[in-house]
Amino acid sequence: GDSVTQMEGPVTLSEEAFLTINCTYTATGYPSLFWYVQYPGEGLQLLLKATKADDKGSNKGFEATYRKETTSFHLEKGSVQVSDSAVYFCALSDEGNTGFQKLVFGTGTRLLVSP
Amino acid sequence: DGGITQSPKYLFRKEGQNVTLSCEQNLNHDAMYWYRQDPGQGLRLIYYSQIVNDFQKGDIAEGYSVSREKKESFPLTVTSAQKNPTAFYLCASSITGSLGGELFFGEGSRLTVL
Chain B
255 GDSVTQMEGP
265 VTLSEEAFLT
275 INCTYTATGY
285 PSLFWYVQYP
295 GEGLQLLLKA
305 TKADDKGSNK
315 GFEATYRKET
325 TSFHLEKGSV
335 QVSDSAVYFC
345 ALSDEGNTGF
355 QKLVFGTGTR
365 LLVSP
Chain G
2 DGGITQSPKY
12 LFRKEGQNVT
22 LSCEQNLNHD
32 AMYWYRQDPG
42 QGLRLIYYSQ
52 IVNDFQKGDI
62 AEGYSVSREK
72 KESFPLTVTS
82 AQKNPTAFYL
92 CASSITGSLG
102 GELFFGEGSR
112 LTVL
């Protein structure tokens, strides 16, 4: 079945550093791709998404480009802040045999940003 | 404000007891989901429901049961048959059938079996 692989964390950075969190996927069709963020003690929130190849999703200074040729959707931010400390999940939509979309999540990558 | 409400936020259970986690949404979404989150394993789908009075098993449904009697509500029961129930449980909803649709999550319920 479809799957998502993320880099293991934690990723530890100083404030204003450049961030990259790698995400690759395996899918039989043409899924939509997502990044969700989970702040401590909370549920997940959608950060950004891309629905087709070469699309770039962006939000709050984060961006990710849907690369079909490398089956990747890496998350980047030019200058991280302490408030970005959270767990980041890469996900893809999977219709399977039912035509009903479900999300398949990666294992999550914890980001720790120090002042 | 529209959103998803999960309760209780923290729950303790003795072995052999069934517990029910509540999930209510006022987003008028047709689809609802239950995920389980364990450290280092990400989110795994337990059950999902596309419409009222209908639901399907996800990847790890054994030891769990659900009902969908109302559009707004999708409670999850963790039964005594679940061998390792201690986890963080997340409820979510979405607009059915929307390509690239977003999931909206509640804040989660943390279940600890004593």
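Sequence order for the protein chains is B and G. With my numbering as the guide, the letters of the first sequence map in order to residues 255 to 369. With my numbering as the guide, the letters of the second sequence map in order to residues 2 to 115. A virtual CB, placed ideally from N, CA and C, is assigned to each residue, including glycine.
When Phe106/G, Asp39/G, Thr87/G and Ala93/G are compared against Thr361/B, the one with the closest alpha-carbon: Asp39/G
How long is the line joining the alpha carbons of His328/B and Val265/B, rounded to whole angstroms? 14 Å
Identify whether Asp39/G lies in helix, strand or coil by the three-state DSSP scheme. strand
Nearest to Lys322/B by CA position, among Tyr342/B, Lys303/B, Asn313/B and Tyr279/B, is which residue? Tyr279/B
Given 8 Å as the limit, is there contact between the region 9 to 24 of chain G and the region 68 to 80 of chain G, that is, 3 or more CB pairs closer than that? yes
Under the rule that 16 or more other beta-carbon atoms within 10 Å means buried, what is Gly107/G, buried or exposed? buried
Over the uninterrupted beta strand (DSSP E) stretch that includes Ser110/G, give me the two end residues. Ser110 to Val114
Find the residues of chain B that neighbour Glu108/G, judging by a C-beta separation of less than 9 Å, and give them in chain order. Gly295, Glu296 and Gly297
Does chain G have any CB closer than 8 Å to the CB of Gly332/B? no
What does DSSP give as the partner residue(s) for Tyr1/G in the beta ladder? Past the edges of chain G, shown from 2 to 115, lies residue 1/G, and the structure says nothing about it.
Mind pulling the chain B residues with CB within less than 7 Å of Gly43/G? Phe343, Phe359, Gly360, Thr361 and Gly362
Would you kindly check if the distance between the Cβ of Thr324/B and the Cβ of Lys310/B is under 8 Å? no
Taking C-alpha atoms, which residue in Gly4/G, Asn54/G, Tyr11/G and Gly3/G lies nearest to Leu115/G? Tyr11/G
For Leu91/G, which residues in chain B fall below 8 Å Cβ to Cβ? Gly297 and Leu298
Same chain only: Cβ atoms within 7 Å of Pro9/G, ignoring 5 sequence neighbours per side: Ser110
So the candidates are Lys84/G, Arg14/G, Glu16/G and Asn29/G; which of them puts its Cα closest to the Cα of Ser94/G? Asn29/G
Mind checking whether Gly263/B and Arg364/B have CB atoms under 8 Å apart? yes
Please confirm whether Leu300/B and Gln292/B have their CB atoms less than 8 Å apart. no
Cβ closer than 7 Å: which chain C residues qualify as neighbours of Leu46/G? The structure shown contains no chain C; its protein chains are B and G.
Leaving out five residues on either side along the sequence, give the residues of the same chain with a beta carbon under 6 Å from the beta carbon of Leu366/B. Pro264, Thr266 and Ser339
Is DSSP giving Ser347/B helix, strand or coil here? strand
So what's Ser337/B in DSSP terms, helix, strand or just coil? helix
Taking all protein chains shown into account, decide if Phe13/G is buried (16 or more other Cβ within 10 angstroms of its Cβ) or exposed. exposed
Is the Cβ of Glu73/G closer than 8 Å to any Cβ of chain B? no
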